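Q: I am attaching a structure below and will ask some questions about it afterwards.
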Amino acid sequence: MIFLKWAFLNLKRNKRLTLATGFALVFGFTGLLLLSGYIKVVDRFVSTQTIYLNMVGHIGILKSGSVEDAYRNPEKYLLSSEEQKEIEQVLEIPFLKENIEKVSKKLTAFALLSAAEKNLPIYIEAYSEGMTAYIENHPQLVKWLPTLLSKIKSSDGVSLTKELYSMLGHDVNAQPIDVQVMTKTLDGYLNGVSDKLTGVHTTGLAFAEDVSAKMSLPKLQELLATDKIGTFSIFLKDETKIEEVIKQLKLSLKGKGFEIYSYNSDEIGAYYTGTMSFINSIGFFFYSLIALVSIFSIVNTLTMGINERTKEIGTLRSMGFNNYQISNLFSLEVIMLTFFAIIISSILYYVLSSFINSLKIPFEPAGSSGYVYFTIYISNSIMLAHACIILFISYLTSFIACKKKLNFNIAELLNEQGVYK
Amino acid sequence: MKILLFLFLALQVKAQNLQELLKVSDRARGGVAQGVSWNVKIKSWENELQTERNFQVKAKDVNAYVETSDIGRFKGEIYLFNDRTIWFFKPSLKKPVSISARERLSGQAANGDIASTNYARDYIPKLLKKESINGQNTFVLLLKAKNKTMTYDQIKYWISEKEKLGIKAEFLTLSGKVFKTAIFKYSNSIKFNGKQIPFVSEMIIQDAIQDSNKSILYYDKPVVEKISDNIFNINNISR
Numbered sequence: 061m062i063f064l065k066w067a068f069l070n071l072k073r074n075k076r077l078t079l080a081t082g083f084a085l086v087f088g089f090t091g092l093l094l095l096s097g098y099i100k101v102v103d104r105f106v107s108t109q110t111i112y113l114n115m116v117g118h119i120g121i122l123k124s125g126s127v128e129d130a131y132r133n134p135e136k137y138l139l140s141s142e143e144q145k146e147i148e149q150v151l152e153i154p155f156l157k158e159n160i161e162k163v164s165k166k167l168t169a170f171a172l173l174s175a176a177e178k179n180l181p182i183y184i185e186a187y188s189e190g191m192t193a194y195i196e197n198h199p200q201l202v203k204w205l206p207t208l209l210s211k212i213k214s215s216d217g218v219s220l221t222k223e224l225y226s227m228l229g230h231d232v233n234a235q236p237i238d239v240q241v242m243t244k245t246l247d248g249y250l251n252g253v254s255d256k257l258t259g260v261h262t263t264g265l266a267f268a269e270d271v272s273a274k275m276s277l278p279k280l281q282e283l284l285a286t287d288k289i290g291t292f293s294i295f296l297k298d299e300t301k302i303e304e305v306i307k308q309l310k311l312s313l314k315g316k317g318f319e320i321y322s323y324n325s326d327e328i329g330a331y332y333t334g335t336m337s338f339i340n341s342i343g344f345f346f347y348s349l350i351a352l353v354s355i356f357s358i359v360n361t362l363t364m365g366i367n368e369r370t371k372e373i374g375t376l377r378s379m380g381f382n383n384y385q386i387s388n389l390f391s392l393e394v395i396m397l398t399f400f401a402i403i404i405s406s407i408l409y410y411v412l413s414s415f416i417n418s419l420k421i422p423f424e425p426a427g428s429s430g431y432v433y434f435t436i437y438i439s440n441s442i443m444l445a446h447a448c449i450i451l452f453i454s455y456l457t458s459f460i461a462c463k464k465k466l467n468f469n470i471a472e473l474l475n476e477q478g479v480y481k
Numbered sequence: 038m039k040i041l042l043f044l045f046l047a048l049q050v051k052a053q054n055l056q057e058l059l060k061v062s063d064r065a066r067g068g069v070a071q072g073v074s075w076n077v078k079i080k081s082w083e084n085e086l087q088t089e090r091n092f093q094v095k096a097k098d099v100n101a102y103v104e105t106s107d108i109g110r111f112k113g114e115i116y117l118f119n120d121r122t123i124w125f126f127k128p129s130l131k132k133p134v135s136i137s138a139r140e141r142l143s144g145q146a147a148n149g150d151i152a153s154t155n156y157a158r159d160y161i162p163k164l165l166k167k168e169s170i171n172g173q174n175t176f177v178l179l180l181k182a183k184n185k186t187m188t189y190d191q192i193k194y195w196i197s198e199k200e201k202l203g204i205k206a207e208f209l210t211l212s213g214k215v216f217k218t219a220i221f222k223y224s225n226s227i228k229f230n231g232k233q234i235p236f237v238s239e240m241i242i243q244d245a246i247q248d249s250n251k252s253i254l255y256y257d258k259p260v261v262e263k264i265s266d267n268i269f270n271i272n273n274i275s276r
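Listed in order, the protein sequences are those of chains A and B.
Counting in my numbering, the first sequence runs from 61 upward without gaps.
Counting in my numbering, the second sequence runs from 38 upward without gaps.
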């Protein structure tokens, strides 16, 4: 306890150094928290977009080999009705049932859309009935991507993006019109179906907005003359259960020729993994930069402080304090200073993040087809994790800085004139 | 001056002869002004899939009406060739859909596109050389598309010297690489202007990039007949 008091008094006595190190710590720590909060928000944007807006789901079940070869040979790599039944039976297992919020079947195809005297190449995605309504009202989408919700209108017929409506020269709010969709069936014959153009949707991806179309699963199956599907998309109630659910699914479907992936895998969530690896690389660079500047500031001010207090170290040694106790005293000072800096930084983090979030600054992330609000994620766990890291770094840095001085003998220390030997 | 004029006239005559050669060869593949009808069976092998279709074709000048004679899910399928536009219709569609350039590069549409190509109308011929194929002397022509709407920019075409029939064609990409080849056989005949003339009986269309992709068109019962223009009117085709 007496060490704590001495540490506090020493900090108070060396105001100049305390303030210099304190400022470096506060700015560095606040910077790290804001950067982490931003990366976390981007992660939420992209994962929500992948899971809900693009309906990938948290988990996807596909036929083995379909990721590589389904486009070349869809007939072989799609899930037959027997395989679908097999998977549906497994999804009835109580553990899975209680963790799964929604299951959707998914089928995709390239096709030609003909309407209003125009032909457009499209990429159609078809899902089980009621999926658009499920997505449209999903709390995660409402929470993270509210600005994109205005671009969605449920549909029983064909749904297009606003860009495709504009390419067709048809108004989004006008009366539904007949559209013809044509493609080759899985067995190689040209086929076409008619439907009503009733819905609007967005992929959230700039590069996909001028080709993306959606239609009901039975209609696309009719167009492709098949009862097969491509993927089972599984939406969980609690995202933290992904690994457990995947483990159970792999166990139950072992040796049956299926592959199971989570949304953050390259196989079914390439957009998520691509975007996040880019963001994480940039984040890591800035994170390292801020962390290094903070560490060097601590080392620098501590070394200066210790050099200035060489005589004090000599006095403590002559009074009978051993190296370990003296080193601890200096470390305690740094930890105490770091602790104060963490408190101030955390307050700054909360205040700045809340202020930035309240401004609702619209911005369009690279590759996105719509704007979102610039937001900083406020999280106690981010703060606590960083606090632990910075406390450890501070302790380690101070320990290393002290160690060199403590190797001198008492006479040398007492003869020191104060600074910079 | 007289020599130049002579050369110019000689070249004009040569060009006219090549054009005439193309017209005659087109006639043996259905390019008959008053109308001709036939049945065709198409066997295709594409990306490990084998398909077989049967059609009844009614062609007149630059138009062709092709209706499936298959039953089941193909019943009522129609391909309408209006000059260079290909329309596709089946009962599940409310309106016919025009087939895009991309669709014309593979499958039935590609077969139809190649089979219906009117070389004399759409291409400018240039004599490359003479060559012997399976003992037949042929003229080898390089045909260049008259406009950019054509599916193939250039075609290398072998026409037999004696019978003036197209024996072989290579469909080239813009860079001059072979994209597809077609080989024609003429065991059928039709009565044209009071004379029996040969008519195509088999056409083998081979993909040059993927060897395993090919189609064989078997022509049967070709008859010259009067065909009404109404069947080529797209507005008459709807549900």
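Here a beta-carbon is modelled for each residue, glycine too, at the ideal position from N, C-alpha and C.
Everything numeric in this text was worked out from a predicted model, so none of it was measured.
Where does B/Pro133 fall in DSSP's three states?
A: Note: B/Pro133 maps to coil in three-state DSSP.
Q: Kindly indicate the opening and closing residues of the alpha helix (DSSP H) around B/Asp159.
A: First-last of the alpha helix (DSSP H) with B/Asp159: Tyr156 to Asp159.
Q: Count the other CB atoms, across all protein chains shown, that sit within 10 Å of the CB of B/Leu48; report buried if there are 16 or more and exposed otherwise.
A: Annotation note: pLDDT 47 at B/Leu48 (below 50); position unreliable, coordinate value reported separately. By the neighbour-count rule (16 or more Cβ atoms within 10 Å), B/Leu48 is not buried but exposed.
Q: What residue range is occupied by the uninterrupted beta strand (DSSP E) comprising B/Glu89?
A: First-last of the beta strand (DSSP E) with B/Glu89: Leu86 to Lys97.
Q: Would a C-beta distance cut-off of 8 Å place A/Ser141 and A/Asp287 closer than the cut-off?
A: For A/Ser141 and A/Asp287, yes; Cβs fall inside 8 Å.
Q: Is the Cβ-Cβ distance between A/Tyr331 and A/Leu265 less than 8 Å?
A: Yes, the pair counts as a contact, with Cβ atoms nearer than the cut-off.
Q: Can the beta-carbon of B/Val77 be found closer than 8 Å to that of B/Tyr255?
A: Cβ atoms of B/Val77 and B/Tyr255: closer than 8 Å.
Q: Does the Cβ-Cβ distance between B/Phe221 and B/Val69 come in under 8 Å?
A: Not in contact: B/Phe221 and B/Val69 (Cβ atoms no closer than 8 Å).
Q: With 8 Å set as the bound, which would you pick, yes or no: does the beta-carbon of B/Val134 sit closer than that to a beta-carbon of chain A?
A: Answer yes: the Cβ-Cβ gap between B/Val134 and chain A drops below 8 Å somewhere.
Q: Go ahead and pull the three-state DSSP assignment for A/Pro181.
A: A/Pro181: strand per DSSP, three-state reduction.
Q: Can you pull the chain A neighbours of B/Ser129, defined as C-beta to C-beta under 7 Å?
A: The contacting residues are Gly252, Val253 and Ser254.
Q: Rounded to the nearest angstrom, what separates A/Leu451 and A/Ile121 at their Cα positions?
A: If you take the alpha carbons of A/Leu451 and A/Ile121, they lie about 44 Å apart.
Q: Starting from the C-beta of B/Gln93, find all residues in its chain whose C-beta is less than 6 Å away, skip the five residues before and the five after it, and write them out in chain order.
A: Counting only Cβ-Cβ distances below 6 Å, and skipping sequence neighbours, we find Asn76, Glu104 and Ser106.
Q: Between A/Leu283, A/Gln281 and A/Leu309, which lies nearest to A/Ser293 when the distance is taken from Cα to Cα?
A: The shortest C-alpha separation from A/Ser293 is found at A/Leu309.
Q: Any Cβ of chain B within less than 8 Å of the Cβ of A/Ser174?
A: Yes, contact with chain B.
Q: Distance cutoff 8 Å, beta carbons only. Does B/Glu207 sit that close to anything in chain A?
A: By this cut-off, B/Glu207 is not an interface position.
Q: Residues in the same chain with beta-carbon distance under 6 Å from A/Ser215, minus the five sequence neighbours each way, listed in chain order, please.
A: Excluding residues within five positions, the ones whose Cβ falls inside 6 Å are Thr258 and Gly259.
Q: Using a Cβ-Cβ distance cut-off of 8 Å, determine whether B/Thr88 contacts chain A.
A: So yes, B/Thr88 belongs to the interface.
Q: Pick out whichever of A/Ser418, A/Ala461, A/Glu372 and A/Leu93 has its Cα sitting closest to the Cα of A/Ile470.
A: Minimum Cα distance to A/Ile470 is reached at A/Glu372.
Q: Take A/Tyr194 as the anchor and find which of A/Gly117, A/Arg73, A/Glu177 and A/Gln235 has the nearest alpha-carbon.
A: The shortest Cα separation from A/Tyr194 among A/Gly117, A/Arg73, A/Glu177 and A/Gln235 belongs to A/Gly117.
Q: Thinking just about the alpha-carbon of each residue, which of A/Lys256, A/Gly374, A/Glu158 and A/Ser413 is nearest to the one in A/His230?
A: Minimum Cα distance to A/His230 is reached at A/Lys256.
Q: Since A/Lys279 is in the alpha helix (DSSP H), which residue starts that stretch and which ends it?
A: Its alpha helix (DSSP H) spans residues Leu277 to Leu284.
Q: Along chain A, in chain order, which residues have C-beta atoms closer than 8 Å to that of B/Asn84?
A: Per Cβ cutoff of 8 Å: Arg132, Asn133 and Gly248.
Q: Tell me which residues share the same chain as A/Ala175 and place their Cβ nearer than 8 Å to its Cβ, disregarding the 5 neighbours each side in the sequence.
A: Hits under 8 Å: Leu228, His230, Ile237, Asp238, Val239, Gln240 and Leu257.
Q: Tell me, please, whether the CB atom of B/Arg121 is closer than 8 Å to any CB atom in chain A?
A: It does not: the Cβ of B/Arg121 has no partner Cβ on chain A nearer than 8 Å.
Q: Can you name the residues of chain B whose CB is closer than 9 Å to the CB of A/Asp238?
A: Result: Lys131 and Lys132.
Q: I believe B/Ile161 touches B/Lys131 by the beta-carbon criterion, under 8 Å. Please report the beta-carbon distance rounded to the nearest angstrom.
A: So it is not a contact: roughly 40 Å between Cβ atoms.
Q: Once DSSP output is grouped into helix, strand and coil, what is the label at A/Trp66?
A: Three-state result, A/Trp66: helix.
Q: Report yes if the C-beta distance between A/Ala273 and A/Ser219 is below 8 Å; otherwise report no.
A: A contact, by the Cβ cut-off of 8 Å.
Q: Can you grab the Cα-Cα spacing for the pair A/Leu313 / A/Lys307, in whole Å?
A: C-alpha separation (whole angstroms): 10 Å.
Q: Residues of chain B with CB under 9 Å from A/Ala285, in chain order?
A: Near A/Ala285 (Cβ distances below 9 Å), the residues of chain B are Arg110.
Q: Just to make sure I have the definition right: I need the residues of chain A whose C-beta is within less than 7 Å of the C-beta of B/Phe125. Which are they?
A: By Cβ distance, chain A contributes Met242, Leu250 and Gly252.
Q: For B/Ala47 and chain A, any beta-carbon pair shorter than 8 Å?
A: With a pLDDT of only 46 at B/Ala47, under the threshold of 50, the placement of this residue in the model should not be trusted, and no figure is reported.
Q: Mind checking if A/Asn179 is an interface residue toward chain B, Cβ cutoff 8 Å exclusive?
A: Answer yes: the Cβ-Cβ gap between A/Asn179 and chain B drops below 8 Å somewhere.
Q: Hey, A/Glu269 and A/Glu223: beta-carbon distance below 8 Å or not?
A: For A/Glu269 and A/Glu223, yes; Cβs fall inside 8 Å.
Q: Taking B/Ile234 as part of the beta strand (DSSP E), name the residues at either end of that continuous run.
A: That run of the beta strand (DSSP E) goes Lys232 to Phe236.
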